[in-house]
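Residue numbers (the working numbering), protein chains in the order written: chain H, 36 to 828; chain C, 903 to 1128.
See the structure below:
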């Protein structure tokens, strides 16, 4: 009979059933997507791990094994990673995706790179891919389908890193090794505690609104189903029978929706994966929810909908006569605001006891975590009271009958209105918190490399060399059309004649006054050319003091100096005289901060390199900014061993910020997903409420109420509680973030300011997206005014 | 004979393959009470909806005060209904979320009258129809008879030229049905409004000055009630 009740009422019942199971299906498809996203993310991390070397506890005794290092560059805005490998001794098992490690002169490339190499811009890339392409890398060796990745076999003796026994096995990385400037260093990596918390918050933030969507779909047409249940009660059905029927109907909807949702997930997985804006793309086949989550969703959703179906008819089961008479449901009390207020009070308490929080005392943690949870739960609990308050204000103060009608509808059923907006409000709170914390993440990020991009002219390529053969590079770069300036940077150390190079080398000098001074030789006018603001003070002096805000003023002793050999640490015999009263050259801080492979933190600038010619340590290439020129520069630099890949300052900034931007991107994708879910939920609910009110709409239209007035009513009915609830959500988010920042910040320095512009943007997006979703259902209003609705009760 | 207030000439209207009107013609004189009689499915409600400008016929014409209204746009017909017509239906004519006073004031508010004066006038009408006591209640909290009297008040509050009533007593017992009809017609006559009432009850039709009978979308009889 539950099935008969679900679909056995003709076309109208089928429409209702389709709306309900469609809503559940959308929720299930998204839940499966969320469940599958986590393994896909883990797989990406694991793939990155397999490109790293596994070192034994004591690598010093190794005589055979493998050396490898990754160079990250850019090609037309996309990261290009090249893994150089060298096998010493017997073959080493390759990382996943490769049949074997490439021999010297051989290269395996990713399919996306192979495509680019055979495309019209192959000329830009091929000089950067050393060796002959002998095959493509399989999916198991790639982070995503769009990744530009190559594994190149290096010629013996070229690599300087330490030998390792092989590549790391798949699994979450605990240690990642990386090389820079020929030096091997090890960094702790993997899933940090912050990331774990962020993933947990994101999962709760996504799953809660999805469950709200599923529950909302099951509560569709609640009024007419409640009336039908009341009719059954009045003809003799027991409360238990009515509850069971409601539950069975809910379960049928849930089961059909779950199966449909599974189908939708399978059908849409590939097209959605191909458009998700994640760097390197997503393999659709990697988005596979774990079996236990599939079982949980496919069983849990019908159980949830059965419960929701039972709840939907509880009033009819208990008091059928009240339902027949359409008695007003109980008014939500303002006591519903209490949990929210307590949550905020707890956060204030945490702020007042910040020492206890920082020290990890139990009551500090309770106040901080409990306050946050109560804020979220409190917003859900307060939803109906807020919707009712919005309705009362609208009915009293709103102009015209449309506001009055919308206000009265909100007062009559505030719970329904709040159900559709609280999911979105929760997301606004969570994303608001994330936005407040992003600046903290950014300041703890050591890069801070946006500064160089602000100093260099756009399109200036920066490359650092480390002992490679870059002698002829400058001339070849200058020959490229579109290259305007090439600044060759050569670093050197000068030791005062009063200090013995041998003593310096032996480490027997303690007086800092006697330490060598660091100098850089470059063409000041050329450097000025690649800066946004030309340097003032590039004179004809052979030597100038480099001065900047972030460097202390230093003045080398006048006298004769000898250039040191960087590899030997001994004097080269090349001498230079420094006079007193050296002119000073002010340089912007961005040049001092620099990027990997280039920075100007030396004390002295020399107009010319003393002694014999030497290859540059770094170069700055001023270009016309076109992608073609930049790629041509990189093509010239490709064969030169450049441990710090040639990048523009903008690309270096992008790379340095990728971690922070990754958090922001995940937050934004999450926000978009939940707003999408909220939108579907809202559109379905609005369509249903318009359908439910057909007789009233038809009567109003017959009386001469224009359809646009009815549409305005429907819009106001959503917009008013939405704006109020979102405003409260922003206030809660701002208040909680401010308190957290007070707790976490250093007492000496002020806490970062709250991102009000970000809050405005989120709130605006949430409101606009919700209104657009409501507007999607507005065309139904006209069909709901058809006069045949006047003939039915 | 005076110029009819409302006239329909040779109306045809089909819903898909179902013919609702097949050449129906009828006139309504100023102040006249006209009953449209016929069994279920005979086209009485459809004719009423065409006369009131709710539906547009496929063919034929409808004139109000000599002006053709069936070729007017939705906006113009909505304005006409709001300013010159009143309606009482069997079901759903009251907005369930609004109180009786707010329901009665609704046509005035749609015409742009401010809330306070509109609700004051609504109270006068509720008092006149003897339902002042339910002014603050919503439709779900009233009896069927009270609800229909509130609907009558709403139909008349805007001083309409014509009141359209579709089975206004269909859901009421005889006593309440008679009370509603007497109050509807008494108040309409006081205002000089015409009334077009669809019914299949001879007892209700007896209140009319004239009755027309429809069968299969055509008029079969037109008689002046003695």
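We put the beta carbon where it would ideally sit given N, CA and C, even for glycine.
Taken residue by residue, none of the region 173-203 of chain H has a beta-carbon sitting less than 9 Å from a beta-carbon on chain C. Cβ contact annotation for residue 409/H (same chain, cutoff 7 Å, sequence separation greater than five): 374, 377, 378, 381, in chain order. Residue 653/H is bridged by DSSP to 499/H, 524/H.
By alpha-carbon distance to residue 1092/C, the top candidate from 908/C, 934/C, 1021/C, 947/C is 934/C. Following the DSSP letters along the chain, one finds residue 610/H inside the beta strand (DSSP E) bounded by residues 606-613. Taking 9 Å as the Cβ-Cβ cut-off, the region 988-1009 of chain C approaches chain H at 988, 989, 991, 992, 993, 994, 995, 996, 997, 998, 999, 1000, 1001, 1004, 1007, 1008, 1009, given in chain order. In this structure, DSSP gives residue 281/H a helical state, which the three-state scheme calls helix. Boundaries of the beta strand (DSSP E) harbouring residue 639/H: 639-641, taken from the DSSP string.
Taking a C-beta distance under 8 Å as the contact criterion, residue 135/H and residue 129/H qualify as a contact pair. For residue 822/H, the chain C residues whose Cβ falls inside 7 Å of its Cβ are 951, 956, 957, in order along the chain.
In the structure shown, the three-state DSSP call for residue 340/H is helix. Only residues of its own chain outside the window of five on either side were considered, and among them 727 have a CB closer than 7 Å to the CB of residue 258/H, listed in chain order. Taking a beta-carbon distance threshold of 8 Å, residue 112/H does not count as an interface residue toward chain C.
When rounded, the separation of the alpha-carbon atoms in residue 720/H and residue 132/H is 48 Å. For residue 988/C, the enclosing beta strand (DSSP E) has its first and last residue at 987-990.
Using a CB distance cut-off of 8 Å, residue 980/C counts as an interface residue toward chain H. Just measuring C-alpha positions, the residue of 456/H, 309/H, 114/H, 319/H sitting nearest residue 806/H is 456/H. Assignment of residue 165/H by DSSP, reduced to helix, strand and coil, places it in the coil class.
For residue 584/H, the secondary structure class from DSSP, reduced to helix, strand or coil, is coil. In the structure shown, residue 104/H falls within a strand segment according to DSSP collapsed to helix, strand and coil. Chain-ordered, the chain C residues with CB closer than 7 Å to the CB of residue 444/H read 999. DSSP places residue 1102/C outside both helix and strand once states are collapsed to three, so it counts as coil.
In this structure residue 803/H is exposed. Its beta-carbon is surrounded by fewer than 16 other beta-carbon atoms within 10 angstroms. Residue 126/H is classed as exposed because its beta carbon has fewer than 16 other beta carbons within 10 Å across all chains shown. The contact set of residue 977/C on chain H, defined by CB atoms closer than 8 Å, consists of 741 in chain order.
Just measuring C-alpha positions, the residue of 291/H, 658/H, 293/H, 516/H sitting nearest residue 562/H is 658/H.
By the Cβ neighbour-count rule, residue 1113/C is buried, with 16 or more other Cβ atoms within 10 Å of its own.
Within 8 Å of the CB of residue 984/C, the CB atoms of chain H belong to 738, 739, 740, in sequence order along the chain. Nearest C-alpha to residue 669/H among 163/H, 58/H, 338/H: 163/H. For residue 160/H, there is no enclosing beta strand (DSSP E); the residue is found in the alpha helix (DSSP H) stretching over 157-160.
In the displayed model, residue 603/H falls within coil according to three-state DSSP, outside both helix and strand.
Take residue 1069/C, set aside five residues on each side of it, and the residues of its chain with a beta-carbon closer than 7 Å to its own are 992, 1100, 1101, in chain order.
At a cut-off of 4 residues, the continuous stretches assigned as alpha helix (DSSP H) that sit fully inside the region 970-1033 of chain C are 976-986, 1002-1012, 1017-1030. Interface residue (Cβ-Cβ distance to chain H less than 8 Å): residue 1086/C is not classified as such. Leaving aside the five residues that flank residue 82/H on each side, the residues in its chain whose CB is nearer than 6 Å to its CB run, in chain order, 178. In terms of beta-carbon proximity, residue 435/H lines the interface with chain C, with at least one pair separated by less than 8 Å.
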